[in-house]
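The block underneath contains the structure these notes are about, expressed in structure tokens.
Residue numbers (my numbering), protein chains in the order written: chain P, 33 to 345; chain C, 625 to 833.
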């Protein structure tokens, strides 16, 4: 397939780099200020070198990428809330010209799922968004395989940064600020960690899971959200005395969706360590399924994007 | 503050194992803790019995309780309804020491009274939560009493630790014994009490307790 990759962050870059290995070509590649377009396939290495040198992937207008020749658009721009601009418009452009869209950007799927579905219904193209929930973990395609109507609940650890912080606080008795600073040094947490530690990122993933399981109707506002900033080391100590620990758990049930710190037994399946993620599905006939793995990272998430592309062809 | 004590004594105020204050040097006691630590004796117990629908049956069931030192608190006698086996269900709340309770159960069995549930089996589920916030200044004893106000939970165990370096924040782990099937109700009570006192709650995963 010919791919138009919009967004040149960790995920966009990795998708562009790995596309050839998966048998696809990249005919357009854009960042926020520029684009490089070639119907015969762009020089990915050259574009990434250009990006490293001058901060732009090419010299074309970013809008040119949307008008380029491609079969599937890969939306990998940063997640935005509310109207999910500009990611949503990128996907709309693809669907309105009857082409496919694969999203790594959570914004449109979490915030405007019903709008996306309506656009996809009117288009010969379709949408896929495996990469938006728990990175490399094939959570959505597993739900797809089981049949969303036979999945009764989903829960899991959906944010590696928050999980890293809670794990470190519990194992070493360190306070939140200390561990956050360490996580930032290691590149596990961003300079502004709000999105991760206040539960927003996990809540977006819950909204997406809820949309898939319940057939739409959810946005961030429909998810009850509580972060980890109020969990002191003393609470983790008390939990440990009782053989338990605290994890930031996202949960989708028939009653709705919520994210919050929860007490779990220390050796519990959901008590994954460090930056690991896990998604647990309750199913009608198949019992409980657990899928754990890396929830973030360029190549990891790109793998989910490219699997989606494969499912389109 | 302990107005409810007359009607339904709770384990945490009486039980030897029930009141475990963390032995941290920063721990603070509960305001009127002296009383709570002392008598490790009387506890509330619940018996569910099935009686034959005959005159004198209720008295026959209650005598072994009184004879063995049980202090009757309430008797719920559903004379109108019959169990599937055609008996009358009776629920008896009483207060006595754990030892005496065993004697009472034995005496009832000796007297041929059918016991459907004795006490601990009624509180068939347990639930641990963490509470974080200004637990001391928001009246800890009152918080614990309110947690039981939904009527289907009792505080079975409780630990408190104050956060080092922070004046007002403390954390508590509370273990609630819950009547079978009342977990959601008890959790709602925990949320309501916490919201009222501006405490944060770390809930367990229900079904994963």
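Here a beta-carbon is modelled for each residue, glycine too, at the ideal position from N, C-alpha and C.
Being a predicted model, the structure only gives us computed values, none of them experimental.
### Task
Please list the partners that residue 178 (chain P) has in chain C, where partner means a Cβ-to-Cβ separation under 7 Å.
As a first step, residue 178 (chain P) must be located in the first chain, where it is residue number 146. Chain order gives no chain C residues near residue 178 (chain P), where near means a beta carbon separation below 7 Å; the closest approach is about 19 Å.
### Within the region 264–301 of chain P, ranges of the alpha helix (DSSP H) (whole runs, at least 4 residues)
As far as the region 264–301 of chain P is concerned, its whole alpha helix (DSSP H) runs of at least 4 residues are 265–273.
### Query
Should the region 284–295 of chain P be regarded as contacting the region 252–263 of chain P, the criterion being three or more beta carbon pairs within less than 8 Å?
Result yes; three or more Cβ-Cβ pairs closer than 8 Å.
### Message
Tell me which residue opens and which closes the alpha helix (DSSP H) that residue 175 (chain P) is part of.
### Response
The residue labelled residue 175 (chain P) in the question sits at position 143 within the first chain. From DSSP, the alpha helix (DSSP H) with residue 175 (chain P) extends over 171–178.
### Query
So with Cβ pairs under 8 Å, would you call residue 705 (chain C) a contact of chain P?
As a first step, residue 705 (chain C) must be located in the second chain, where it is residue number 81. No, residue 705 (chain C) lies away from the interface with chain P (no Cβ there is under 8 Å from its Cβ).
### Query
Is there a Cβ from chain C that is less than 8 Å from the Cβ of residue 200 (chain P)?
In the first chain, the residue the question calls residue 200 (chain P) occupies position 168. When Cβ-Cβ separations below 8 Å define contact, residue 200 (chain P) makes no contact with chain C.
### Message
When you compare the CB of residue 266 (chain P) with every CB in chain C, is at least one pair closer than 8 Å?
### Response
Here residue 266 (chain P) refers to the residue found at position 234 when the first chain is read from its first residue. Interface with chain C (8 Å Cβ-Cβ cutoff): residue 266 (chain P) is included.
### Message
Can you tell me whether residue 781 (chain C) is buried or exposed? The criterion is at least 16 other CB atoms within 10 Å of its CB, across all chains shown.
### Response
What you label residue 781 (chain C) is simply residue 157 of the second chain in a count that begins at 1. The residue is buried, with at least 16 neighbouring Cβ atoms inside 10 Å.
### Query
So is residue 132 (chain P) buried or exposed if we call it buried at 16+ other beta carbons inside 10 Å?
The count along the first chain starts at 1 and reaches residue 132 (chain P) at position 100. Burial of residue 132 (chain P) is indicated by the presence of at least 16 other C-beta atoms within 10 angstroms of its C-beta.
### Query
Secondary structure at residue 647 (chain C), three-state DSSP: helix, strand or coil?
To locate residue 647 (chain C), count along the second chain from 1; it is residue 23. Residue placement at residue 647 (chain C) cannot be trusted, given a pLDDT of 32 that sits under 50; what the coordinates show is reported in the next sentence. In the structure shown, residue 647 (chain C) adopts coil according to DSSP, grouped into three states.
### Message
Does chain P have any CB closer than 8 Å to the CB of residue 753 (chain C)?
### Response
Numbered from 1 along the second chain, position 129 holds the residue referred to as residue 753 (chain C). It does; some Cβ of chain P falls within 8 Å.
### Message
Below 8 Å on C-beta distance, what does residue 204 (chain P) contact in chain C?
### Response
Within the first chain, the letter at position 172 stands for residue 204 (chain P). None at all; the shortest Cβ gap to chain C is about 15 Å.
### Query
Can you check whether the CB of residue 92 (chain P) is closer than 8 Å to the CB of residue 69 (chain P)?
Residue 69 (chain P) sits at position 37 when you count from the first residue of the first chain. Residue 92 (chain P) sits at position 60 when you count from the first residue of the first chain. Judged by beta-carbon spacing, residue 92 (chain P) lies within the 8 Å limit of residue 69 (chain P), meaning their Cβ atoms are closer than that value.
### Message
Using only CA atoms, which one of P:210, P:186, P:237 lies nearest to residue 319 (chain P)?
### Response
For the purposes of this step, residue 319 (chain P) is taken as the residue at position 287 of the first chain. Among P:210, P:186, P:237, the Cα nearest to that of residue 319 (chain P) is on P:186.
### Message
My assumption, with CB atoms under 8 Å, is that residue 184 (chain P) sits in contact with residue 301 (chain P). Please give the rounded CB distance.
### Response
Position 152 of the first chain holds residue 184 (chain P). Position 269 of the first chain holds residue 301 (chain P). Wrong, their Cβ atoms sit about 17 Å apart, outside the cutoff.
### Task
Provide the residue(s) that pair with residue 712 (chain C) in DSSP beta bridges, ordered along the chain.
Sequence index remark: in the second chain, residue 712 (chain C) carries index 88 (1-based). BP columns for residue 712 (chain C) point to C:675.
### Message
Looking at the strands, I want to know which residues DSSP matches up with residue 188 (chain P).
### Response
Residue 188 (chain P) sits at position 156 when you count from the first residue of the first chain. Beta-bridge partners assigned by DSSP to residue 188 (chain P): P:282, P:311.
### Query
Listed from N- to C-terminal order along the chain, which residues in the region 805–830 of chain C have their beta-carbon within a distance smaller than 7 Å of any beta-carbon of chain P?
Taking 7 Å as the cut-off between beta carbons, the residues of the region 805–830 of chain C near chain P are 824, 826, 827, 828, 829, in sequence order.
### Query
Looking at the unbroken alpha helix (DSSP H) that takes in residue 689 (chain C), where does it start and where does it end?
The residue you call residue 689 (chain C) lines up with position 65 of the second chain. 681–691 is the span of the alpha helix (DSSP H), which, as asked, contains residue 689 (chain C).
### Query
Should the region 266–276 of chain P be regarded as contacting the region 226–239 of chain P, the criterion being three or more beta carbon pairs within less than 8 Å?
Not touching, per the Cβ criterion.
### Task
Return the bridge partner residues of residue 706 (chain C) from the DSSP annotation.
Translated into positions along the second chain, residue 706 (chain C) becomes position 82. None, per the DSSP bridge assignment.
### Query
Any beta-carbon of chain C closer than 8 Å to the one on residue 276 (chain P)?
Counted from its first residue, the first chain places residue 276 (chain P) at position 244. Taking 8 Å as the threshold, the shortest C-beta distance from residue 276 (chain P) to chain C falls below it.
### Message
Less than 6 Å between C-beta atoms, sequence neighbours within five positions excluded: which residues of the same chain meet that for residue 658 (chain C)?
### Response
By 1-based counting over the second chain, the position of residue 658 (chain C) is 34. Here the model assigns residue 658 (chain C) a pLDDT of 34, short of 50, so the residue's position is not dependable, and the following value carries that caveat. Excluding positions up to five away in sequence, the list is empty.
#### Entry: Presumed contact (8 Å Cβ cut-off) between residue 688 (chain C) and residue 742 (chain C), rounded CB distance
As a first step, residue 688 (chain C) must be located in the second chain, where it is residue number 64. As a first step, residue 742 (chain C) must be located in the second chain, where it is residue number 118. The C-beta separation of residue 688 (chain C) from residue 742 (chain C) comes to about 13 Å, leaving the pair out of contact by the 8 Å criterion.
### Query
Short check: CB of residue 73 (chain P) to CB of residue 111 (chain P), under 8 Å?
Position 41 of the first chain, counting from 1, holds the residue named residue 73 (chain P). Position 79 of the first chain, counting from 1, holds the residue named residue 111 (chain P). Not in contact: residue 73 (chain P) and residue 111 (chain P) (Cβ atoms no closer than 8 Å).
#### Entry: For residue 797 (chain C), the three-state DSSP class (helix, strand or coil)
As a working mapping, residue 797 (chain C) is identified with position 173 in the second chain. Look at residue 797 (chain C) here: in three-state DSSP terms it is strand.
### Task
With 8 Å as the limit, tell me which residues of the region 308–337 of chain P have their beta carbon closer than that to any beta carbon of chain B; keep them in chain order.
In the displayed structure, chain B is absent; the protein chains listed are P and C.
### Task
Can you tell me which of P:169, P:343, P:107, P:287 puts its alpha carbon nearest to the alpha carbon of residue 141 (chain P)?
The residue you call residue 141 (chain P) lines up with position 109 of the first chain. When each option's Cα is compared against that of residue 141 (chain P), the closest is P:107.
### Task
Return the CA-CA distance between residue 681 (chain C) and residue 666 (chain C), expressed in angstroms with no decimal places.
Along the second chain, one-based indexing puts residue 681 (chain C) at 57. Along the second chain, one-based indexing puts residue 666 (chain C) at 42. The alpha-carbon atoms of residue 681 (chain C) and residue 666 (chain C) are separated by roughly 27 Å.
### Task
Could you check if residue 700 (chain C) is buried or exposed, using at least 16 other CB atoms within 10 Å of its CB as the buried criterion?
In the second chain, the residue the question calls residue 700 (chain C) occupies position 76. Burial check for residue 700 (chain C): the Cβ neighbour count within 10 Å stays below 16, so the residue is exposed.
### Beta-carbon proximity list for residue 121 (chain P), same chain, < 7 Å, skipping 5 on both sides
Counting from one through the first chain, the residue named residue 121 (chain P) turns up at place 89. Excluding five sequence positions before and after residue 121 (chain P), none of the CB atoms of its chain fall closer than 7 Å to its own CB.
### Classification of residue 812 (chain C) by the beta-carbon crowding that lies within 10 angstroms, buried from 16 upward
Along the second chain, one-based indexing puts residue 812 (chain C) at 188. By the 10 Å Cβ count, residue 812 (chain C) comes out exposed.
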